[in-house]
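**Q**
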């Protein structure tokens, strides 16, 4: 099962992938929304995305993914910070499935992933 | 996540900070460039967000305020001025200093004060970013009293399009406790009109859980606003009666109380009646019936469980019961003997029946005293956690076989030795994380605690993957202390056994071993007092395993009754391999050692007649009882082997405390006393005498 992590911070991507791989998931990384759309395949079962990113930000990414008929039900979880409450609402309206508040601990990340993927 | 990636973060942040300087200088030249503002904001945002992730709290807290200021700039509420650029550049330098391990708090405060003045009081939220509160965590909540809840979950039609999966939510709810689910299908259209991407179903759940309402609400955290969720208490177990169907429907708001009463005036069955009256749909009634059934079942089960549940008995009562059973076992032996000599078949029959019942009674009584060792094991989690933190080590404790049962007394007396062994493993076995890494091991060490039944004993292992014992160093130390001769050929096991000698460990210079033996002699003594044994195995660099073998119970053992002259002895049956006859020439003496040949194998021998100074001549035909001791196979020479004997162990009085090789006494059927032989001790004494003999023969 492949999970895509979209974040412009390489260290966050590495940390998230490290945790996910430790739990037996396969991972894919993208540095921003455009990169994510380029790399997205039907093998990806979950997208974890940051909100603030250069080129294409998190909300726009959610909208674009939802607009694509093949990915309408794909779970998308936001990696947000506590100061982005308003953004969270906007992202939910755009069709995000859930969120994780940064900073998070590995077990919190895995709890959310399991909640969304079952 | 923190340790592994902290360095990666530091590098990334250094790059961002370098970029930040360039962006800020460009921004000074073209203050209206919103792309540049975005770049600055993102850099700050990443430094803050990732910093908090990897434990750079000071960096995160400081950067948070700068980020807030640029958020205002982004929203057009704050203009880009030379002062703002100056303040931000100063902040950037301060962040850099913080990352490099410097940075004085005073300076940081000053920069922030400056910035707040620019932004206008209160515009930039001061203070540390709050800790997240709404991230669901899988920490097992304490189980409270189970309460039955009624959950009505109606997802919005479009919920599937947001990647939500109601099925997973239902499964998560079911994981909280006992759950009955009824689907509400009333909105389901005809197949032709159905849009496969929409959700038409709703669910009524009846859930009995001790985790509380918040746990249920947490399940729905991601669909809030996207689904209608009602959670109510359906049955807290306080009402004496299970609710009637009509009441449930009223509680749920499906029908009003008046409507139910009015309908009830015309009797058939409530549900049928309400449906016929079209007050509620059939689905609602079915769902309510399911709840009623659920609550009834849960209650019935609890009532049954209450009746069957355990009774607490003071341990003293149990002890006296065991004593009485012990006496009974003794009397039973006498009865059997009397019956046999009387030759009365009726009497023999009764004696056999009493024997059977006594054994059952004994087994059952012993069973009552058995407790799982898990409770003792789980106490060690905290010990390992605290101690590893104190020592700066990373250690994980694995436990296995916690349900293995042992006699209560054994468990109680086992706790201290186990604490000692685990401390040793942590302190002296497992290496510090950096050392482990340099040796190609995982940073995190592992201690494995396991218990397993093996025949009439329980085997407990404490295994670590630490540095292991240094056999050469221990041997050298043993020679130095005169415990072994320099040229003795010793097995590894024999060498490791030296750390069990009193005071052996004071050898500070033996790296990786020193301290291993602190009090190991005490551990050994406690284990032996439980009639158990202790073995050490270790592979250099790969870890150490301590194996404890303990009897299931202390009070009664199966033994072999033997006689030497007039004296009777009992040897523990669990050690005995076989009995062989000895002719006058079979017993030999060589090199200060008694030996017999058993199927072409030489076995050391201890004649009990000599060992216990019993007078009289040995009969021409003797017997050797071959037993497995902790010092290898040994034969114990006796006059007569009488046979199996179930033995109630009576401790010897304090007067005899110093008598070696006798672990207790027992009363025989005829009232005579037999001593219980400690075969391990006896073998050890023989080994010692043999060594002394060799030493005399070979002067240095």
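Protein chains in written order, with the working numbering: chain A, 2 to 119; chain B, 493 to 1192. Here a beta-carbon is modelled for each residue, glycine too, at the ideal position from N, C-alpha and C. Just so we're clear, the structure is a prediction, and the values are computed from it rather than from any experiment.
So which residues of chain A does residue 1023/B contact, with C-beta pairs closer than 9 Å?
**A** Correct list: empty, because the minimum Cβ distance to chain A is about 44 Å.
**Q** Give the secondary structure of residue 26/A by DSSP, where H, G and I count as helix, E and B as strand, and everything else as coil.
**A** DSSP places residue 26/A in coil when its eight states are reduced to three.
**Q** Quick one: grab the DSSP three-state call for residue 36/A.
**A** Residue state, collapsed to three classes: helix.
**Q** Taking residue 889/B as the reference, give the member of 938/B, 927/B, 1154/B and 772/B with the closest Cα.
**A** The shortest Cα separation from residue 889/B among 938/B, 927/B, 1154/B and 772/B belongs to 938/B.
**Q** Kindly indicate which three-state DSSP category residue 18/A falls into: helix, strand or coil?
**A** DSSP places residue 18/A in helix when its eight states are reduced to three.
**Q** According to the neighbour-count rule (16 or more other Cβ atoms, all chains shown, within 10 Å of its Cβ), is residue 621/B buried or exposed?
**A** The predicted model places residue 621/B with a pLDDT of 42, which falls under 50 and marks its position as unreliable, so this point remains unresolved.
**Q** Using a threshold of 8 Å, state whether the C-beta atoms of residue 1063/B and residue 1075/B are closer than that.
**A** Cβ atoms of residue 1063/B and residue 1075/B: not closer than 8 Å.
**Q** From residue 1122/B to residue 25/A, what distance separates their C-alpha atoms?
**A** Using only the alpha carbons, I get a separation of about 46 Å.
**Q** Alpha carbon to alpha carbon, how far is residue 1143/B from residue 883/B?
**A** Looking at the two C-alpha atoms, the distance is approximately 42 Å.
**Q** Per DSSP, what kind of secondary structure is residue 1130/B in: helix, strand or coil?
**A** Residue 1130/B: strand per DSSP, three-state reduction.
**Q** Could you tell me whether any Cβ in chain B is nearer than 8 Å to the Cβ of residue 56/A?
**A** No, no contact with chain B.
**Q** Less than 8 Å between the CB atoms is what I'm expecting for residue 1018/B and residue 1099/B, so what's the real figure, rounded?
**A** Between residue 1099/B and residue 1018/B the Cβ distance is about 31 Å, and since that is not below 8 Å, they are no contact.
**Q** Using a Cβ cut-off of 7 Å, pull out every chain A residue sitting near residue 545/B, in sequence order please.
**A** Going along chain A in sequence order, the residues near residue 545/B (Cβ under 7 Å) are 13, 16, 103 and 104.
**Q** Quick one: complete alpha helix (DSSP H) runs, 4+ long, within the stretch 653-726 of chain B?
**A** List check, alpha helix (DSSP H) in window: 658-666 and 705-711.
**Q** Evaluate contact between the stretch 587-596 of chain B and the stretch 570-577 of chain B, counting only Cβ atoms and requiring at least three cross-stretch pairs below 8 Å.
**A** The answer is no - the stretch 570-577 of chain B does not touch the stretch 587-596 of chain B, with fewer than three Cβ pairs under 8 Å.
**Q** Counting C-beta neighbours from all protein chains within 10 Å, is the total for residue 816/B 16 or more, i.e. buried, or is it exposed?
**A** Exposed is the call here.
**Q** I need the straight-line Cα distance from residue 628/B to residue 1020/B, nearest angstrom please.
**A** For residue 628/B, the pLDDT reaches just 44, beneath the cut-off of 50, and the residue's location in the model is therefore unreliable, although a value from the coordinates is still provided. Using only the alpha carbons, I get a separation of about 50 Å.
**Q** Between residue 59/A and chain B, is any beta-carbon pair separated by less than 8 Å?
**A** False, the Cβ-Cβ gap to chain B never drops below 8 Å.
**Q** Three or more beta-carbon pairs under 8 Å between the stretch 892-899 of chain B and the stretch 863-870 of chain B, yes or no?
**A** Yes, the stretch 892-899 of chain B is in contact with the stretch 863-870 of chain B.
**Q** List the residues of chain B whose Cβ lies closer than 9 Å to the Cβ of residue 77/A, in chain order.
**A** 654 and 655, listed in chain order.
**Q** Going by DSSP, what residues sit across from residue 1012/B in a beta bridge?
**A** None, per the DSSP bridge assignment.
**Q** Can you tell me whether residue 623/B is buried or exposed? The criterion is at least 16 other CB atoms within 10 Å of its CB, across all chains shown.
**A** Reliability fails at residue 623/B, whose pLDDT of 42 lies under 50, so the model's placement of it is uncertain and no value is given.
**Q** Note down, in chain order, every chain A residue with its Cβ under 9 Å from the Cβ of residue 500/B.
**A** Under the 9 Å cutoff, chain A gives 11, 12, 15 and 16.
**Q** According to DSSP, is residue 1121/B part of a helix, a strand, or is it coil?
**A** Correct three-state label for residue 1121/B: strand.
**Q** From the DSSP output, in three-state form, read off residue 891/B for me.
**A** Strand.
**Q** Assign residue 908/B to one of three DSSP states: helix, strand, or coil.
**A** Three-state DSSP puts residue 908/B in a helix.
**Q** Are at least three pairs of beta-carbons, each pair with one atom in the stretch 524-537 of chain B and one in the stretch 97-112 of chain A, less than 8 Å apart?
**A** With the cut-off at 8 Å, the stretch 524-537 of chain B and the stretch 97-112 of chain A do not touch.
**Q** So which residues of chain B does residue 3/A contact, with C-beta pairs closer than 7 Å?
**A** In chain order: nothing, as chain B lies at least about 15 Å away.
**Q** Give a single yes or no on whether residue 547/B has its beta carbon closer than 7 Å to a heavy atom of the ligand FAD.
**A** Summarising the ligand content, the structure contains no ligands, and the ligand FAD is consequently not present.
**Q** Restricting to runs no shorter than 3 residues, where is the beta strand (DSSP E) found entirely within the stretch 1041-1100 of chain B?
**A** Counting only runs of 3 or more, we get 1048-1056, 1059-1064, 1068-1074, 1080-1082, 1085-1090 and 1093-1099.
**Q** To which residues of the same chain is residue 850/B closer than 7 Å at the C-beta, ignoring the five residues directly before and after it?
**A** Closer than 7 Å at Cβ, skipping near neighbours: 820, 821 and 824.
**Q** By Cβ distance, which residues of its chain are closer than 6 Å to residue 1155/B, with the 5 residues on each side in sequence left out?
**A** Counting only Cβ-Cβ distances below 6 Å, and skipping sequence neighbours, we find 1168 and 1170.
**Q** Between residue 42/A and chain B, is the shortest Cβ-Cβ distance under 8 Å, so that the two count as touching?
**A** For residue 42/A, the answer is no, since every Cβ of chain B falls outside 8 Å of its Cβ.
**Q** For residue 662/B, would you say it is in contact with chain A, using Cβ-to-Cβ distances shorter than 8 Å as the test?
**A** Not closer than 8 Å to any Cβ of chain A, the Cβ of residue 662/B fails to qualify, so no.
**Q** Determine, using beta carbons only, whether residue 37/A comes closer than 8 Å to chain B.
**A** No, residue 37/A does not count as interfacial toward chain B.
**Q** Looking only at C-alpha atoms, which of 794/B, 931/B, 664/B and 952/B sits nearest to residue 868/B?
**A** Of the listed residues, the one whose Cα sits closest to residue 868/B is 952/B.
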